[in-house]
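The structure appears right after this line, and notes come after that.
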Amino acid sequence: MASSSPVKPVVEIAPGEPPNDDLSGRALRLRIRQQELLAELGVFALQGTNLVGMLDHTARMTAEGLGAEYCKVLEFIPAENRLLVRAGVGWDEGVVGKASVGADLASPAGYALRTGKPVISNHLENEKRFRTPELLAEHGIHRAMNVILQGDGSPFGVLEVDSKSEGEFNEHDVAFLQGAANILGMAIEQRQYQLKLQAALDRHQVLLKEVNHRVKNSLQVVSSMLQLQSNNAGNPELSEQLQEASSRVNAVGRAYERLAYNADYENIDLVDYLREVIGDLDSAVAPCKVHLEAPEKIQFAADRAILVALVINELVLNAGKYAYPGCPDGDIWVRVFRTDDKAVLVSVRDDGVGLPAGFDPSTSKRLGSRLVNALSKQLGAELTRPSVTRGTNFTLLVPLH
Ligand SMILES: Nc1ncnc2c1ncn2[C@@H]1O[C@H](COP(=O)(O)OP(=O)(O)OP(=O)(O)O)[C@@H](O)[C@H]1O
Ligand SMILES: [Mg+2]
107 MASSSPVKPV VEIAPGEPPN DDLSGRALRL RIRQQELLAE LGVFALQGTN LVGMLDHTAR
167 MTAEGLGAEY CKVLEFIPAE NRLLVRAGVG WDEGVVGKAS VGADLASPAG YALRTGKPVI
227 SNHLENEKRF RTPELLAEHG IHRAMNVILQ GDGSPFGVLE VDSKSEGEFN EHDVAFLQGA
287 ANILGMAIEQ RQYQLKLQAA LDRHQVLLKE VNHRVKNSLQ VVSSMLQLQS NNAGNPELSE
347 QLQEASSRVN AVGRAYERLA YNADYENIDL VDYLREVIGD LDSAVAPCKV HLEAPEKIQF
407 AADRAILVAL VINELVLNAG KYAYPGCPDG DIWVRVFRTD DKAVLVSVRD DGVGLPAGFD
467 PSTSKRLGSR LVNALSKQLG AELTRPSVTR GTNFTLLVPL H
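And the structure:
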């Protein structure tokens with residue numbers, strides 16, 4: 107944040123006071139205040155403040171702690187071999203975000219960046235080691251201190267404090283400045299690390315979506331091949347079995363189709379998913395008609411939703427095959443609703459001829475029955491057959507988690 111007026115230092119060192127290394131009186135209070143400021147900056151960094159806020163806060167706090175009118179955070183731009191003023195206090199309008207100084211060894215900031223050593227210049231006008239950067243000359247800066255600002259792996263830039271006033275920066279001051287730069291460097295590193303982590307997470311999600319897409323496509327191919335084989339089987343019983351196998355694969359594929367287009371890559375809406383599966387089953391059991399009653403959306407883990415769909419697939423296909431032998435256009439009802447916040451009740455009902463006398467699906471060795479029993483068990487669900495006056499009625503009480 108640029109500021110047109112110089113920061114008013116909280117701790118002022120009057121001219122003629124003992125040098126800062128005499129730890130008495132005001133100088134001692136200054137050191138204590140510097141410690142407090144470093145502690146505050148540390149807390150600020152730990153709070154995960156955004157980078158701009160952190161740069162601004164450091165510049166302001168550093169100027170205050172050193173009783174200086176100017177401070178700036180310089181970011182190294184390797185392509186230009188310059189140090190850009192990213193944040194600062196005390197500077198005229200148009201400096202922050204725009205002005206830059208050379209990053210070569212002949213500038214104080216460049217020297218600190220290249221060597222990693224702190225630089226104190228108490229008399230810039232007499233300085234033989236460096237040229238005085240234009241920006242400092244324009245603002246009548248008399249003395250400056252520069253320390254390196256570490257980033258993630260390579261240096262981020264330089265933290266510099268400047269003053270127009272007489273007086274001298276000493277090694278205690280530079281230790282404070284380096285302390286502030288270290289905390290800021292840690293915050294920058296942390297932020298860059300978080301950005302990398304987020305990028306990795308985003309990439310992971312993109313890959314997962316891609317995988318779901320491919321699984322969906324592959325299952326569609328398998329389902330279509332089984333369907334083709336069923337059409338060409340030349341044997342009604344084999345054709346029916348292939349048709350059922352195709353329907354099972356298709357039910358699983360529908361879940362991956364949802365996942366591929368979902369923002370959430372683990373959960374899907376059970377009702378929307380079942381509506382598609384039942385839409386496919388409707389043509390498989392035609393001219394029977396399948397009706398879905400589901401009053402509300404139900405978020406469900408995709409892997410569990412697949413198991414529910416496979417159970418429904420078996421029960422609906424059975425109803426289509428056996429419930430209405432004399433009148434093949436009967437109705438099949440599927441209901442799905444939440445009983446409470448812990449479970450979902452699924453029921454598949456028809457009003458056809460009912461199960462053969464003495465037939466017990468819980469002990470049947472037929473593939474369909476075995477699948478329904480095994481999948482229910484895997485879901486931790488309770489499979490029951492409430493008594494009905496006509497037809498069959500299977501209910502499945504599925505825990506949400
Ligand atoms: N809705 C229903 N109405 C009448 N009879 C049914 C119904 N559902 C199942 N049955 C009877 O239960 C039997 C067992 O069904 P199950 O699904 O276990 O085997 P299947 O459908 O004969 O063969 P598959 O193993 O290919 O599914 C069926 O053969 C049928 O006689
Ligand atoms: Mg069956």
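Just so you know, we're using our numbering here: the sequence shown kicks off at 107 and counts up by one.
The beta carbon of each residue, even a glycine, is placed where N, CA and C say it ideally should be.
Here the structure is a predicted model, which is why all the values come from computation and not from measurement.
Cβ-based neighbour list, residue i, same chain, cut-off 6 Å, excluding 5 preceding and 5 following
{"i": "I294", "result": "G257, F262"}
{"i": "E399", "result": "R441"}
{"i": "L172", "result": "V267, D279"}
{"i": "G426", "result": "V391, C394"}
{"i": "R297", "result": "L157"}
{"i": "P112", "result": "Here P112 scores only 31 on pLDDT, less than 50, and its place in the model is too uncertain to base an answer on."}
{"i": "L143", "result": "M167, G171"}
{"i": "Q326", "result": "G359"}
Nearest residue (CA-CA) to residue i, options the options
{"i": "T495", "options": "V459, N156, P434", "result": "V459"}
{"i": "G436", "options": "V158, V504, E272, D457", "result": "D457"}
{"i": "S493", "options": "K223, G246, S453, F182", "result": "S453"}
{"i": "Y367", "options": "L134, H319, L152", "result": "H319"}
{"i": "K204", "options": "N276, R192, A215", "result": "R192"}
{"i": "K223", "options": "E277, Q333, I412", "result": "E277"}
Backbone CA spacing between residue i and residue j [nearest angstrom]
{"i": "L489", "j": "Y371", "result": "29 Å"}
{"i": "A218", "j": "A369", "result": "47 Å"}
{"i": "V195", "j": "C177", "result": "5 Å"}
{"i": "V450", "j": "R444", "result": "4 Å"}
{"i": "K322", "j": "I374", "result": "15 Å"}
{"i": "L255", "j": "G131", "result": "31 Å"}
{"i": "R441", "j": "H507", "result": "20 Å"}
{"i": "V253", "j": "Q311", "result": "40 Å"}
{"i": "S470", "j": "K302", "result": "55 Å"}
{"i": "I226", "j": "F282", "result": "13 Å"}
{"i": "P184", "j": "Q304", "result": "25 Å"}
{"i": "N156", "j": "V417", "result": "50 Å"}
{"i": "D127", "j": "N228", "result": "Any reading at D127 needs caution, since the residue's pLDDT is 49, under 50, leaving its predicted position unreliable; the model's value is listed next. Whole-angstrom Cα-Cα distance: 15 Å."}
{"i": "E231", "j": "H248", "result": "7 Å"}
{"i": "E186", "j": "S206", "result": "10 Å"}
{"i": "K448", "j": "S329", "result": "34 Å"}
{"i": "D210", "j": "V202", "result": "20 Å"}
{"i": "T501", "j": "L421", "result": "10 Å"}
{"i": "T164", "j": "V377", "result": "53 Å"}
{"i": "D466", "j": "L314", "result": "42 Å"}
{"i": "L241", "j": "R309", "result": "43 Å"}
{"i": "V414", "j": "M292", "result": "50 Å"}
{"i": "S271", "j": "A287", "result": "23 Å"}
{"i": "G385", "j": "G464", "result": "32 Å"}
{"i": "R381", "j": "F182", "result": "57 Å"}
{"i": "N341", "j": "P505", "result": "41 Å"}
{"i": "S324", "j": "K483", "result": "28 Å"}
{"i": "A361", "j": "T221", "result": "59 Å"}
{"i": "N499", "j": "E316", "result": "39 Å"}
{"i": "E343", "j": "L477", "result": "19 Å"}
{"i": "E274", "j": "M251", "result": "10 Å"}
N-terminal and C-terminal residue of the alpha helix (DSSP H) that residue i is part of
{"i": "H163", "result": "157 to 172"}
{"i": "F282", "result": "277 to 337"}
{"i": "T495", "result": "No alpha helix (DSSP H) contains T495, which DSSP labels as neither H nor E."}
{"i": "S345", "result": "342 to 367"}
{"i": "N479", "result": "473 to 485"}
{"i": "V391", "result": "376 to 391"}
Close Cβ partners of residue i (< 8 Å) along its chain, the five nearest in sequence each way excluded
{"i": "N514", "result": "There is simply no residue 514 to check, as the chain begins at 107 and stops at 507 in what is shown."}
{"i": "H397", "result": "D437, I438, W439, V440"}
{"i": "L147", "result": "H163, T164, M167, A286, I289, L290"}
CB contact below 8 Å: residue i versus chain B
{"i": "V328", "result": "No chain B appears in the structure shown, which is made up of a single protein chain."}
First and last residue of the uninterrupted beta strand (DSSP E) at residue i
{"i": "F150", "result": "No beta strand (DSSP E) contains F150, which is instead part of the alpha helix (DSSP H) from 131 to 152."}
{"i": "Y176", "result": "176 to 183"}
{"i": "A449", "result": "449 to 456"}
{"i": "T490", "result": "488 to 490"}
{"i": "L189", "result": "188 to 195"}
{"i": "E244", "result": "Careful: E244 lies outside any beta strand (DSSP E), inside the alpha helix (DSSP H) at 240 to 244."}
{"i": "A407", "result": "405 to 407"}
Buried versus exposed call for residue i [16 or more other C-beta atoms within 10 Å across all chains shown]
{"i": "A306", "result": "exposed"}
{"i": "I438", "result": "buried"}
{"i": "D446", "result": "exposed"}
{"i": "R472", "result": "exposed"}
{"i": "Q140", "result": "buried"}
{"i": "I404", "result": "buried"}
{"i": "V149", "result": "exposed"}
{"i": "A133", "result": "buried"}
{"i": "G497", "result": "buried"}
{"i": "L161", "result": "buried"}
Neighbourhood of residue i by C-beta, 7 Å cutoff - its chain only, sequence neighbours within 5 removed
{"i": "E350", "result": "L423"}
{"i": "S213", "result": "V207, F236, R237, P239"}
{"i": "A339", "result": "S345, L348"}
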